[in-house]
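Just below is one structure, and these are the notes that go with it.
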Amino acid sequence: SKVLTFIIHLVTGYYFNRLIEPEFHGNVGLAMSFTSLVNLIWSLELSSLLIRVKAKDNRVLSTAFWAAFGMSSFLSILFIALSGVFTELVDGSPDVRKYIILFSLTFFIFPLGLVPTVKLKQSLKFDLIGIVNFFAKILGILGALVLAILGEKFWSLFVLFGSYAVLMPVFKFIARPWLPSFQFDGAFLKQHAIFNGSLMFNKISGWLTENLDKQLVGKFWGEAALGGYNKAIGFLLMPKTYLVVSISDVLFPALSAENIDEQEKQKRFLDASALVTFLLFPLFFVLAALAQPFTYFYFPEEWDRPTIQWLIVVFSAAGLFSIFNPMFFTVLMSKSKPKFLFNVLLVKRIVLIAGILATFKFGLIALAFGKLGSEIIAFLINLFIGKKELAISRSQFVRSMLAGLLCSLIAAIAAYTLSYFLNGHTSYLINFLACGCLSVVVYFGISPWLNPSGWRFFRNFIANWNE
Numbered sequence: 001s002k003v004l005t006f007i008i009h010l011v012t013g014y015y016f017n018r019l020i021e022p023e024f025h026g027n028v029g030l031a032m033s034f035t036s037l038v039n040l041i042w043s044l045e046l047s048s049l050l051i052r053v054k055a056k057d058n059r060v061l062s063t064a065f066w067a068a069f070g071m072s073s074f075l076s077i078l079f080i081a082l083s084g085v086f087t088e089l090v091d092g093s094p095d096v097r098k099y100i101i102l103f104s105l106t107f108f109i110f111p112l113g114l115v116p117t118v119k120l121k122q123s124l125k126f127d128l129i130g131i132v133n134f135f136a137k138i139l140g141i142l143g144a145l146v147l148a149i150l151g152e153k154f155w156s157l158f159v160l161f162g163s164y165a166v167l168m169p170v171f172k173f174i175a176r177p178w179l180p181s182f183q184f185d186g187a188f189l190k191q192h193a194i195f196n197g198s199l200m201f202n203k204i205s206g207w208l209t210e211n212l213d214k215q216l217v218g219k220f221w222g223e224a225a226l227g228g229y230n231k232a233i234g235f236l237l238m239p240k241t242y243l244v245v246s247i248s249d250v251l252f253p254a255l256s257a258e259n260i261d262e263q264e265k266q267k268r269f270l271d272a273s274a275l276v277t278f279l280l281f282p283l284f285f286v287l288a289a290l291a292q293p294f295t296y297f298y299f300p301e302e303w304d305r306p307t308i309q310w311l312i313v314v315f316s317a318a319g320l321f322s323i324f325n326p327m328f329f330t331v332l333m334s335k336s337k338p339k340f341l342f343n344v345l346l347v348k349r350i351v352l353i354a355g356i357l358a359t360f361k362f363g364l365i366a367l368a369f370g371k372l373g374s375e376i377i378a379f380l381i382n383l384f385i386g387k388k389e390l391a392i393s394r395s396q397f398v399r400s401m402l403a404g405l406l407c408s409l410i411a412a413i414a415a416y417t418l419s420y421f422l423n424g425h426t427s428y429l430i431n432f433l434a435c436g437c438l439s440v441v442v443y444f445g446i447s448p449w450l451n452p453s454g455w456r457f458f459r460n461f462i463a464n465w466n467e
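Following my numbering, the numbering of the sequence shown begins with 1 at its first residue and continues without gaps.
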């Protein structure tokens, strides 16, 4: 479902780029750079906590629900009240404020899916979660596409980005119905306040590092520039959202289980890393190699295609390092060391924010390079922490990365070479498709010899998936 959703999102994005101008995309991007914080903190990280302590008592579950409902309601009212302040802060248009208000109204429905999500994850019903997320996402995309065709550009983008947040908790409630009782266990919240505090810090600081650049681009370079910037960075974030975060969600209960030893935890982490490397390294390499034909067929002329092309190249390089962040965070979270977790996250966030502040005034491409440098430093921190906290074999981890990198590089060179000769003789779409197919053939052709362990693990993954 994740792969299919990714493909549908990519295909429909082609039409949204033609039906809706960059300025509209920039306006909704500015609004979401603020409201996305609520998506991260409304649950007070109680979902992860309930999974970690294997909570099943209805009193505890009800406590979590009412706490999350109170938080989401408070944030909804707060963001509506501050919508004007946020808009003025980034010199946004009136549409930015309208989007903030509309997104804020959706916050009330979020808690409905909290406990059903926990119950589904506790019972390892990840296939059902995938189906629910798929239908919630697809219905939103189709509704937005219809509105865009009808010329309702403002409402189309609201439905595209806002409907999922409403439909997803509703569908999860339908899949695993649960109603709270009027009970509240204050001791439960107090007992785990430190654990939650560390996770909340990660969410808030992560929101800042992922949205500060967008707010600065919108304020200093305008909504149209932000529209292109958001699209380019989206190609970095989509694989992380659709694959890496899903793997991390599965990895967390696996690492938190009490009946496995440290050696098994190491194996599970390395297996997950090998899968991410095998699947995503070639994607980022080939996307960078084919950035020119991809950009020129995917975006119409009113978009700043030369800038978007180079942004895609740089963000693809950043993706090679950033995709491991969620999994290393999962390792730290499973170790139950709140203070240590807080310190590590603080250092990484400072590095990322420093990279943004040091480069944004020099243009969008310079800003992208600043984020790339910060991601490399954060990755090195991850390697050090992974060795210390999970006794992960750095040599085994790096060998897996290098093997995937070599195969991906060869596939990307083959794709770029063919693209160079096809340029000017075929359309950009044919160029991209032909070169993309060649890269797939080359990558899977050489992987059994140059990356035998990754190939073997990938085959086992496909076999288990089919079962």
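We treat Cβ as the ideally placed atom computed from N, Cα and C, and that holds for glycine.
Is I109 near V28, with beta carbons less than 8 Å apart? no
Item checked: Segments of 4+ residues assigned as alpha helix (DSSP H) that fall wholly inside the region 220–246 -> 223–239
Checklist entry - Under the three-state reduction of DSSP, which class applies to N17: helix, strand or coil? => result helix
Looking at the strands, I want to know which residues DSSP matches up with T426.
Answer is N423.
Task: Chain-order list of residues whose beta-carbon lies under 6 Å from that of N466 (same chain, five-residue window excluded) - done: Note that N466 scores 49 on pLDDT, short of 50, meaning its location in the model is unreliable; the coordinates nonetheless yield the value given after this. For N466, where only same-chain residues beyond five positions count, there are no Cβ hits under 6 Å.
Check your understanding: Do you know whose CA, among V347, L283, T209, lies nearest S316's CA?
Key -> L283
Are S163 and G130 close, meaning C-beta to C-beta below 8 Å?
no
May I ask which residues mark the beginning and end of the alpha helix (DSSP H) holding W155?
153–175
Exercise. What's the gap between the Cα of F74 and the Cα of S205?
Worked result: Distance between the alpha carbons of F74 and S205: 20 Å.
- Own chain residues within Cβ distance below 7 Å of T209, not counting five before or after: Non-local C-beta neighbours of T209 in its own chain, meaning closer than 7 Å and more than five positions away in sequence, comprise R349, L352, I353, ordered along the chain.
Which one of F69, P326, S104 has the shortest CA to CA distance from P111? F69
Taking a contact to mean a Cβ-Cβ separation below 8 Å, would you say D213 touches F103 in this structure? no
**Sub-8 Å separation of N431 and P293 beta-carbons** = yes
**Prompt:** Between the Cα of K190 and the Cα atoms of V60, W42, L345, I365, which residue gives the shortest distance?
**Reply:** V60
- Is P452 helix, strand or coil when you go by DSSP? helix
May I ask you to report which of helix, strand or coil DSSP gives D95?
helix
query = Around the C-beta of I77, are 16 or more other C-beta atoms found within 10 angstroms, so that it is buried, or is it exposed?
reply = exposed
Notebook entry, point to check: I think A31 touches V96, with their Cβ atoms under 8 Å apart; what is that distance to the nearest whole Å?
Noted result: 5 Å
Next item on the list: For the alpha helix (DSSP H) containing T117, list its first residue and its last residue.
Entry: Start and end: 114–122.
If you compare alpha carbons, which of Y420, L120, G218 is closest to L89?
Here the closest residue by C-alpha is G218.
Can you give the Cα-Cα distance for L4 and V11, rounded to whole angstroms? Computed Cα separation, rounded: 11 Å.
**Report entry** Whether S72 touches N211 by CB criterion (8 Å)
**Finding:** no
- Straight-line CA distance for F384 to N39? 30 Å
- For V11, name the three-state secondary structure that DSSP assigns. helix
* With 16 as the cutoff for other CB atoms within 10 Å, does F328 come out buried or exposed? -> buried
- Message: Give me, in chain order, the residues of the same chain whose beta-carbon lies closer than 6 Å to that of K153; leave out the 5 immediate sequence neighbours on both sides.
- Response: I20, F24
Return the first residue and the last residue of the alpha helix (DSSP H) that A69 is part of. The amino acid at residue 69 is misidentified as Ala; the sequence shows Phe. In the DSSP annotation of this structure, the continuous segment of the alpha helix (DSSP H) that includes F69 starts and ends at 58–81.
Do you know how far the Cα of I149 is from the Cα of D515?
-> Residue 515 falls outside the range modelled here, since the chain spans only 1 to 467, and no answer is possible.
- Item | Beta-carbon proximity list for I7, same chain, < 8 Å, skipping 5 on both sides | none
> How would you call N423, buried or exposed, if buried means at least 16 neighbouring beta carbons within 10 angstroms?
Replying inline: exposed
ask   = Which residue's Cα is closest to the Cα of G228: Q309, L290, L438?
value = Q309
Handout entry: Beta-carbon proximity check, A403 vs G319, cutoff 8 Å
Key = no
Query - M168 and A136 closer than 8 Å at C-beta - result: yes
field: alpha helix (DSSP H) segment containing I131, residue limits
entry: 126–149
* Might you give, ordered along the chain, the residues of its own chain that have their beta carbon closer than 6 Å to the beta carbon of A412, omitting 5 neighbours on each side? => F285, V286, A289
inquiry  = According to DSSP, is V442 part of a helix, a strand, or is it coil?
reply    = helix
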